[in-house]
Amino acid sequence: MGGNILEGRTEEELWQVYKKKRDPKVRDYFVRQYAPLVKYVAGKVAIGMPNNVEFDDLVGFGVFGLFDAIEKFDPDKHVKFKTYAVTRIRGAIFDELRTIDWVPRSVRQKTREVEDTIRKLEASLGRAAADDEIAQAMKIDLKDFHNLMLKISGTSVLSLNEVWYTGEDNDKMSIVESIESPSSLNPDHIVEKEEVKRLIIEAISELPEKEKKVLVLYYYEDLTLKEIGEVLEVTESRISQLHTKAILRLRAKLSNIKKGIL
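Quick note: the sequence shown uses this note's numbering, first residue 15, plus one each step.
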């Protein structure tokens with residue numbers, strides 16, 4: 015081939031070239047090619063975040079994740095780069111958000127309180143707790159409970175991206191990864207990781223129907239909260255509440271499972 019290493023090559027061929035030579039021209043090509051993906055992921059993360067979290071900052075954090083994805087991607091593992099990069103980009107954004115500790119302590123405390131209430135209540139009832147039951151257990155009225163769900167929505171997104179499993183090879187998995195690919199287990203994953211993923215998917219399947227639908231549409235079908243509201247014919251704020259409840263309910267379920275298997 016001529017002097018231009020990019021000329022006439024498919025993306026798959028360029029990945030093989032980059033894996034062997036680490037050519038900066040190829041790396042820069044991938045950065046340009048996937049820069050819009052960073053904005054897309056940052057845009058999804060921005061939903062439900064408080065006003066003090068700037069979109070441009072999220073994009074900046076995500077760029078580091080893209081660089082990391084390009085460096086660590088293995089084209090021989092039969093995983094699409096876009097799928098791999100989304101996880102890395104989102105992970106980098108949430109790592110930075112955790113570092114700057116943008117969530118007020120009072121909100122974090124309320125989030126834990128709701129999660130603990132749901133966990134205890136559902137263990138006692140043996141089924142998903144209704145809103146009025148959770149509100150009653152927390153000694154607040156239903157309206158205040160719904161407002162609380164909106165207030166803590168940002169923290170629920172953050173909690174969903176926390177690492178839930180780390181394998182012996184430091185191979186990590188968050189809850190959100192299981193939602194995004196509920197039917198595609200990587201054959202390279204170790205048996206324990208497959209089992210953890212199965213348990214997470216099982217916990218999701220036990221959620222109330224609307225909450226389960228919101229999670230699948232948001233994380234798997236890539237719809238925005240507004241679009242999900244149109245599909246389910248409810249307001250965007252109602253979808254935000256459903257999303258938050260689904261995450262807290264899911265984390266409550268998983269906390270008990272985790273104690274038993276890890």
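Cβ atoms here follow ideal geometry from the backbone N, Cα and C, with glycine treated the same way.
Local conformation of residue i per DSSP, three classes
i: residue 143; result: coil
i: residue 36; result: coil
i: residue 67; result: coil
i: residue 74; result: helix
i: residue 118; result: coil
i: residue 238; result: coil
i: residue 20; result: coil
i: residue 92; result: coil
i: residue 50; result: helix
i: residue 132; result: helix
i: residue 247; result: coil
i: residue 201; result: In this predicted model, residue 201 has a pLDDT of only 42, less than 50, meaning its place in the structure is not dependable; the value taken from the coordinates is given anyway. The answer is coil: DSSP assigns residue 201 none of H, G, I, E or B.
i: residue 223; result: helix
i: residue 81; result: helix
i: residue 218; result: helix
i: residue 155; result: coil
Beta-carbon proximity of residue i to residue j, cut-off 8 Å
i: residue 45; j: residue 37; result: no
i: residue 51; j: residue 107; result: no
i: residue 257; j: residue 230; result: no
i: residue 144; j: residue 221; result: no
i: residue 124; j: residue 156; result: no
i: residue 218; j: residue 226; result: yes
i: residue 43; j: residue 28; result: yes
i: residue 76; j: residue 93; result: no
i: residue 110; j: residue 262; result: no
i: residue 20; j: residue 39; result: yes
i: residue 121; j: residue 53; result: no
i: residue 33; j: residue 118; result: no
Environment of residue i [buried if 16+ CB atoms lie within 10 Å]
i: residue 233; result: buried
i: residue 86; result: exposed
i: residue 59; result: buried
i: residue 69; result: exposed
i: residue 167; result: buried
Cutoff 7 Å; reference residue i; Cβ partners in own chain excluding five residues on either side
i: residue 131; result: 148, 151 and 152
i: residue 276; result: Note on residue 276: pLDDT 41, under 50, position unreliable in the model; no value is reported.
i: residue 259; result: 163 and 225
i: residue 78; result: 106
i: residue 99; result: 48, 51, 80 and 83
i: residue 41; result: 32 and 84
Cβ shell of residue i (< 8 Å), same chain only, five flanking positions each side left out
i: residue 249; result: 243
i: residue 239; result: 61, 62, 232, 250, 253, 254 and 257
i: residue 160; result: 145 and 255
Beta carbon proximity, residue i to chain B, threshold 8 Å
i: residue 133; result: Included in the structure is just one protein chain, with no chain B present.
Spatial neighbours of residue i in its chain, beta-carbon cut-off 6 Å, leaving aside the 5 residues before and after
i: residue 237; result: 231
i: residue 95; result: 87
i: residue 23; result: none
Segment contact flag, the stretch 96-115 with the stretch 73-84, C-beta cutoff 8 Å, min 3 pairs: yes
Cβ contact check for the stretch 247-267 and the stretch 124-138: 3 or more pairs under 8 Å: yes
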